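Only one structure is covered here, and it is reproduced in the block below.
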Amino acid sequence: VLAVDPGFRSGCKLAVLDQFGNLLDQGVIHLVGKPDRTDEAKKTVLDLIAKHQLTLVVIGNGTACRQTEDFIARLIEDELKDRGMAYVIVNEAGASVYSTSRLGREEFPNFDAVLRGAISIGRRLQDPLSELVKIDPASIGVGLYQHDVKAKHLRASLDEVVESCVNYVGVNVNTASPALLRYVSGMNQLTARRLCEYRREKGPFRSRQQLREVPGFGEATFVQAAGFLKIPRGDNPLDASWIHPESYETANRAVKRLLGDDADLGNKETFTALAEPIAKVDLSALAKELEVGELTLKDILTQLVRPGHDPREDLPPPLFKRGVLKIEDLSQGMELNGTVLNVVDFGCFVDIGMHNCGLVHVSRLADKYIRDPHEVVSVGDIVKVWVMGVDKERQRVSLTMVKPGSERSKHPPRRGEKPAAEDGAAPGRERSRHRPPRQTSGDRPPQQQTASSDRPPRPHGRGRPGQEQHRPRPYRPRPAPKPLTPITKEMKEGKEPMRTFGDLLQFYQQKPADGGENDHPPARDDSPPKTAPGQSPEIEQLAQTVDKAVSESVKSPSVASEETPVENESPPSVEQQLPVVDKVESPAETNGMAAKSDEQPTQP
Numbered sequence: 023v024l025a026v027d028p029g030f031r032s033g034c035k036l037a038v039l040d041q042f043g044n045l046l047d048q049g050v051i052h053l054v055g056k057p058d059r060t061d062e063a064k065k066t067v068l069d070l071i072a073k074h075q076l077t078l079v080v081i082g083n084g085t086a087c088r089q090t091e092d093f094i095a096r097l098i099e100d101e102l103k104d105r106g107m108a109y110v111i112v113n114e115a116g117a118s119v120y121s122t123s124r125l126g127r128e129e130f131p132n133f134d135a136v137l138r139g140a141i142s143i144g145r146r147l148q149d150p151l152s153e154l155v156k157i158d159p160a161s162i163g164v165g166l167y168q169h170d171v172k173a174k175h176l177r178a179s180l181d182e183v184v185e186s187c188v189n190y191v192g193v194n195v196n197t198a199s200p201a202l203l204r205y206v207s208g209m210n211q212l213t214a215r216r217l218c219e220y221r222r223e224k225g226p227f228r229s230r231q232q233l234r235e236v237p238g239f240g241e242a243t244f245v246q247a248a249g250f251l252k253i254p255r256g257d258n259p260l261d262a263s264w265i266h267p268e269s270y271e272t273a274n275r276a277v278k279r280l281l282g283d284d285a286d287l288g289n290k291e292t293f294t295a296l297a298e299p300i301a302k303v304d305l306s307a308l309a310k311e312l313e314v315g316e317l318t319l320k321d322i323l324t325q326l327v328r329p330g331h332d333p334r335e336d337l338p339p340p341l342f343k344r345g346v347l348k349i350e351d352l353s354q355g356m357e358l359n360g361t362v363l364n365v366v367d368f369g370c371f372v373d374i375g376m377h378n379c380g381l382v383h384v385s386r387l388a389d390k391y392i393r394d395p396h397e398v399v400s401v402g403d404i405v406k407v408w409v410m411g412v413d414k415e416r417q418r419v420s421l422t423m424v425k426p427g428s429e430r431s432k433h434p435p436r437r438g439e440k441p442a443a444e445d446g447a448a449p450g451r452e453r454s455r456h457r458p459p460r461q462t463s464g465d466r467p468p469q470q471q472t473a474s475s476d477r478p479p480r481p482h483g484r485g486r487p488g489q490e491q492h493r494p495r496p497y498r499p500r501p502a503p504k505p506l507t508p509i510t511k512e513m514k515e516g517k518e519p520m521r522t523f524g525d526l527l528q529f530y531q532q533k534p535a536d537g538g539e540n541d542h543p544p545a546r547d548d549s550p551p552k553t554a555p556g557q558s559p560e561i562e563q564l565a566q567t568v569d570k571a572v573s574e575s576v577k578s579p580s581v582a583s584e585e586t587p588v589e590n591e592s593p594p595s596v597e598q599q600l601p602v603v604d605k606v607e608s609p610a611e612t613n614g615m616a617a618k619s620d621e622q623p624t625q626p
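Per this note's numbering, the very first residue in the sequence shown carries number 23; after that it's consecutive.
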């Protein structure tokens, strides 16, 4: 392949790679500037293609990507028309990080950073997983707001995803780099380097059992990693499959049970002949016969049908292009293949080969209701789209992923919402449109009509349109009150604190019934003191006079004599302590009070 790292000022860096990703040749071309530079760039590219018999050009999607695409497309249409050339655009996110990293300098110590970036772009098409593991996952651009996440949590999550992807695909132990091997389950960076050094000294591995000979590759590491390390064209055909060495005996017994004792796994025809018996076998009965679990046996039989299967083969292949698509070439209903560039809340942007990408609205992602676009697409997916509309003035294209003519399934009604009407209008919309105007009271003017008479009035309340605003609530009987825990004697006496407000309520409800002495203050007795038996009339008359003087002094404290103290007087009430307001006494009353005060005898 011919890898191109596009650029304006410093030019486009070219790197020619063989099928294993090794560098064969290099060069630099300039597409911006004088016409002589463009002619020189054409000659350089044509010479490299003819020299190495290239058939594919890989272009990074960075700066000057579209200008480079136009240049390569014109070459393919004119000078390279009969060679069957094609080009593809790959994501170059993180290529500059790799070119200046320690791993990049160790792998290509004699090359500059720009050439390392071009090599990384070309390898991303040949083996993207092996190349992407060399880059810090946070530098690939995994989301819009990835730097808002705490760095520790982000790194842990991204490393977990990378490790899961590597083990899901599997690793060829004879070609994998240390950067890829360190993500295999049970292995680390040190174990990966030792395995590569052993492979360099002893040659390629022929069997999984040779992994035990690697220094530091213990039994625990072998058990965890052996199932993910594949050896194609090895001594044992099962070494190229997902079947773990611990299950080799079970796999051989299952093959002999299905095809007979003469079955040989070393023959490729044996795997082809297993497809029909495996499809008809009773999995439960065979699992009991072989004394293994049904899930384990199911995985073994699946690998026997498709040995060495790479799950990436089920994904859509890259889009190889031969020319630039123009907006004048588009028409409504035209079917295209594109690559998802970005996913947002309202849809996704798809690259269909134009300078500007097209938009697929969230309502056009599928023939059913989609709440989140990430449920359907993700960045890098190859999708099939149809053109809905073309705006040539603004250079915009509306796309859909729903095949034209297919009916869109209706969104199920929400809880408390009636099904939609036949015309698609929300229920209750037609009823509110013909609702009579609200009657006004007093001098209040009626509500003004909106600018558009066809627009229905806005429903009142916080409910959504089409949702019943005044639906009756279901009747629910009130639960019986819980019985209160009686308060203790210590709580009544104040020796123990109350637990709840219910205890406080019991305290006030039980206090009058108990008849405590301090429940209420004693009532004031205004009646004249009774005469004890045996008292003389003079003492009785003196007691009445004193009581009368005390009562009058209480009624008018401002004019009472301060020189006549009265003992055994009850404390004044709240009303008696308040000052007398707006009360003017006549001089006669004041003199009378003073006279009465002078006539008071001294208490005996």
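Just so it is clear, CB atoms sit at the ideal spot from N, CA and C, and this is done for glycine as well. Treat the numbers as computed from the prediction; the structure is a model and nothing was measured.
Sequence-distant residues of the same chain with beta carbon closer than 8 Å to residue i, five excluded per side
i           : result
residue 463 : Summary for residue 463: the model assigns pLDDT 44, below 50, so the residue's position carries little reliability, and this model does not support an answer.
residue 189 : 205, 206, 207, 250
residue 229 : 253, 256, 257, 258, 261
residue 528 : 506, 508, 509
residue 220 : 235, 236, 237
Residue i to residue j span [Cα, whole Å]
i           : j           : result
residue 29  : residue 126 : 20 Å
residue 361 : residue 341 : 8 Å
residue 93  : residue 53  : 8 Å
residue 425 : residue 183 : 33 Å
residue 299 : residue 320 : 13 Å
residue 315 : residue 309 : 6 Å
residue 195 : residue 132 : 27 Å
residue 325 : residue 392 : 35 Å
residue 57  : residue 154 : 37 Å
residue 394 : residue 372 : 17 Å
residue 498 : residue 504 : 17 Å
residue 274 : residue 322 : 10 Å
residue 280 : residue 263 : 19 Å
residue 32  : residue 222 : 38 Å
residue 113 : residue 84  : 8 Å
Contact set for residue i: own chain, Cβ-Cβ below 6 Å, skip 5 residues either direction
i           : result
residue 471 : Low confidence applies to residue 471: its pLDDT is 44, below 50, so where it sits in the model is not reliable, and the reading given next is rough at best. Nothing listed; no residue qualifies.
residue 632 : Lying before the first or after the last residue shown, residue 632 is absent from the chain, which here runs from 23 to 626.
residue 444 : In this predicted model, residue 444 has a pLDDT of only 45, less than 50, meaning its place in the structure is not dependable; the value taken from the coordinates is given anyway. Same-chain partners within the cutoff: there are none.
residue 95  : 345, 346
residue 130 : 138
Cβ pair residue i, residue j closer than 8 Å
i           : j           : result
residue 369 : residue 346 : no
residue 141 : residue 82  : no
residue 239 : residue 217 : yes
residue 180 : residue 159 : yes
residue 406 : residue 357 : yes
residue 401 : residue 412 : no
residue 276 : residue 305 : no
residue 88  : residue 377 : yes
residue 428 : residue 389 : yes
residue 26  : residue 110 : no
residue 191 : residue 332 : yes
residue 338 : residue 404 : yes
residue 187 : residue 151 : yes
7 Å CB neighbourhood of residue i in its chain, flanking five on each side removed
i           : result
residue 157 : 116, 119, 120
residue 40  : 46
residue 226 : 196
Best match in the options for proximity to residue i [C-alpha to C-alpha]
i           : options            : result
residue 398 : 408, 387, 404      : 387
residue 409 : 417, 418, 422, 400 : 422
residue 36  : 78, 57, 58         : 78
residue 197 : 214, 186, 185      : 214
residue 68  : 87, 46, 97, 88     : 97
residue 532 : 518, 513, 172      : 513
residue 287 : 301, 246, 329, 303 : 329
residue 318 : 272, 515, 353, 289 : 272
residue 352 : 417, 135, 331, 289 : 417
residue 511 : 503, 55, 525, 139  : 525
residue 349 : 375, 519, 327      : 375
residue 101 : 122, 86, 71, 112   : 71
residue 76  : 107, 55, 103       : 107
residue 335 : 231, 149, 248      : 149
Chain C contact for residue i (CB, 8 Å cutoff)
i           : result
residue 118 : No chain C appears in the structure shown, which is made up of a single protein chain.
Check: residue i C-beta below 7 Å from any heavy atom of the ligand ADP
i           : result
residue 178 : Only the bare structure without any ligand can be found here, which leaves the ligand ADP out of the picture.
| query | Per the contact definition of three or more C-beta pairs closer than 8 Å, is the stretch 258–269 in contact with the stretch 294–304? | reply | No, the stretch 294–304 is not in contact with the stretch 258–269.
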